[in-house]
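Chains as they are written, first to last, in this note's numbering: chain A, 10 to 362; chain B, 10 to 362.
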């Protein structure tokens, strides 16, 4: 090792789901929305002024912050935006978790949390899910340097009641509590109404799933203006212009069509509920997912083998290496037609029925 | 102060140049390119497939990395891309500067360097420019945990010979040396040919200035594959998808029109040289800028007053608060017509001539 290599930051990166180059696959592996962005977004995309790209974007991403604040009925100073909820969460870890006490989050959850903690040398302690893969609120009633809960949780899809979430916040008045609501538009209750009550609550959202804008990279944190300005201070200490002009303008446009948002979100929920019936009839076991994916296992089947056989037939789903959940597959809800192809394959798969 | 506020990261953010909402101003304050992006970029913008935004971008930004590597005659594993050179530089500080020895950079330079160092608690020591605002290479011959040199330097515009840059690299075989070449397309010699020779050299570039793409946020680091993979490991520990789909596709397109790039860059250089003659005839003092801005002062004029009078007349330039350079204005090179309006104003300004 060269002398200067000793100063490299040692990290174990997060592995994102595969983005295959072929377009003729059924892609149920990264929780993308099967429907295109709102018609207004597609229209505006054709009308964007390319010559304006010579100028820096609005560092405050004003149009986007304003559109999101109106959509959620918040004030603009309660809104922070970033390059997907990953950027928002990563920056939140860096901003809020600088104490000596461990930050608490579940042992099975979004697998980026421990990566950010490692990246920034933040002490953390994971809390075991119960035997039904549910979060036990009592695990978060002890001393800590912060709490992070995904609700609904990933990759389990399980929801925690808002009253339990509120209890966790109440018992943690000395920490910042982050509720990661990447999937809440597909089920569960949002904690957004609580941010005016609890100055230590940060609610994180993304346009990647329910707004069909994964390719644009737009995420948000909502909270007390004091939290938001702390986040902005760190943002302005890293990169003045994180949001580029297309993401500001197209992201803002997405919030202007609530009907389309409601329609696509409800279609996905309907397909999910139908998919649960199909999975059940095929002998799969799973919890009551309230997200745009279902986390399934099958007593007669080797999950990694099924993952690989599905991939060979052009159907991408997600399998996680962690031994705790290696029996499971996380399957994104696609269109009804896409799910039909999946179920048709599964019906003839050895070991199923 | 609340208990949880004690865990907030304390930072002093960088202040970006103003982005006025009005469009009828002459904007010479943020070193933007006065010419639009290449015609191919404008054309592709109209043709982008909006429905593709429902999917995540390519996490490796393959099309962009490949286009940049071809443009610069490098291999793809020598290229890292980020959300402007700010993202690239910030991530480089986090990746490479984890030692106890101070990182060295000039006392007058891009004022984000000390902000990143503070953000990540990196020890640093600034080195004084000489009386002509030039970097003294000998200041970088001592023990350190890293070296960062902007060449040409900002906001002075002064260039260091490539032989001096190479000498600094040679004397620092135990540190990562970053050469920030945000402005090198407007003058000076690039250190790119040295990256195959020195595995500890990282050269940073941006599409914001010479490619007219400030609004897209595209920057690069070029270096030995070992440095690039260290950067990517940290990137994948922060945000799998930093580059959104429009920035990947439109950024890649910009590299396909070398003629347009050469034409606009030469126009700006010609306007700069003409502007030097005008400034000189008006009694302004300045060094031999090799960038797309000139850093001027005038013995008979209060810089902050002139800054504010220019702003009142709709001409935005940049004034920095630091006492070391408070006598100066940094004036971006606009079109010839924009510069004419500026010089016309200055010719009648009290204290000039």
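Every residue gets a Cβ at the ideal spot worked out from N, C-alpha and C, and that includes glycine. Since the structure is predicted, the reported quantities are computational estimates derived from the model, not experimental observations.
Taking a Cβ-Cβ cut-off of 9 angstroms, the neighbours of residue 39(A) in chain B comprise 64, 65, given in sequence order. DSSP places residue 260(B) in the uninterrupted alpha helix (DSSP H) bounded by 254-263.
By the CB criterion at 9 angstroms, residue 72(B) and residue 229(B) fall outside the cutoff. The beta carbons of residue 131(A) and residue 102(A) sit closer together than 9 angstroms. The beta-carbon of residue 90(B) is placed no less than 9 angstroms from the nearest beta-carbon of chain A. At a C-beta separation below 7 angstroms, residue 104(A) has these neighbours in chain B: 17, 18.
Taken in chain order, the members of the region 236-252 of chain B whose beta-carbon sits within less than 7 angstroms of a beta-carbon on chain A are 239, 242, 243, 245, 246, 247, 248, 249, 250, 251.
Assigned with DSSP and collapsed to three states, residue 341(A) falls in strand. Secondary structure in the region 110-135 of chain A: the alpha helix (DSSP H) runs of 4 residues or longer, each lying completely within the stretch, are 122-128 in chain order. With a minimum length of 3 residues, the unbroken runs of beta strand (DSSP E) contained wholly in the region 206-286 of chain B fall at 210-215, 228-232. Leaving aside the five residues that flank residue 260(B) on each side, the residues in its chain whose CB is nearer than 7 angstroms to its CB run, in chain order, 73, 216, 222, 225, 227. Going by DSSP, residue 159(B) is part of the beta strand (DSSP E) stretching over 155-159. Using a Cβ-Cβ cut-off of 9 angstroms, residue 184(A) counts as an interface residue toward chain B, since at least one Cβ of chain B sits closer than that to its own.
A straight line joining the alpha-carbon of residue 344(A) with that of residue 257(B) spans about 27 angstroms.
Counting along the chain, no alpha helix (DSSP H) covers residue 362(A), and no H or E run does either.
Minimum Cα-Cα distance from residue 141(B) among the listed residues 313(B), 149(B), 151(B), 117(B) corresponds to 117(B). Across the set 127(B), 120(B), 233(B), the C-alpha of 120(B) shows the shortest separation from the C-alpha of residue 158(B).
When DSSP states are grouped into helix, strand and coil, residue 293(A) belongs to the coil group. For the set 280(B), 16(B), 341(B), 106(B), the Cα lying nearest the Cα of residue 211(B) is the one of 106(B).
Take the alpha-carbon of residue 251(B) and the one of residue 53(A): they are about 23 angstroms apart. Taking one beta carbon from each stretch, the region 58-72 of chain A and the region 171-191 of chain A have fewer than 3 pairs nearer than 8 angstroms; the two do not touch. Neighbours of residue 101(A) across chain B, judged by C-beta separation under 8 angstroms, do not exist; the nearest C-beta is about 10 angstroms away. The beta carbon of residue 55(A) falls within 9 angstroms of a beta carbon belonging to chain B, placing the residue at that interface. In the three-state DSSP reduction, residue 192(B) falls in the coil class, being neither helix nor strand.
Within 10 angstroms of the beta-carbon of residue 272(A) lie fewer than 16 other beta-carbons, which makes it exposed. Between residue 299(B) and residue 195(B), the CB-CB gap stays under 9 angstroms. For residue 214(B), the closest Cβ of chain A is not nearer than 9 angstroms. Under DSSP, residue 303(A) takes part in a beta bridge, and its partners are 340(A). By the rule that beta-carbons nearer than 9 angstroms mark a contact, residue 170(B) does not touch chain A. A Cβ-Cβ distance of about 4 angstroms is found for the pair residue 47(A) and residue 266(A), placing them in contact under the 8 angstroms criterion. Across the region 217-235 of chain A, CB contacts with chain B closer than 8 angstroms involve 217, 221, 222, 223, 224, 225, 226, 235, in sequence order along the chain.
By the beta-carbon neighbour count (other beta carbons within 10 angstroms, threshold 16), residue 64(A) is buried. Of the residues assessed, residue 163(A) falls on the buried side of the cut-off, its CB having 16 or more other CB atoms within 10 angstroms.
When C-beta atoms of the region 234-248 of chain B are compared with those of the region 274-292 of chain A, fewer than three pairs fall below 8 angstroms, so the two segments do not count as touching. Between the C-alpha atoms of residue 350(B) and residue 21(B) there is a straight-line separation of about 36 angstroms. Around residue 95(A), the same chain offers 121, 228 as residues with beta carbons nearer than 8 angstroms, after the five sequence neighbours per side are excluded.
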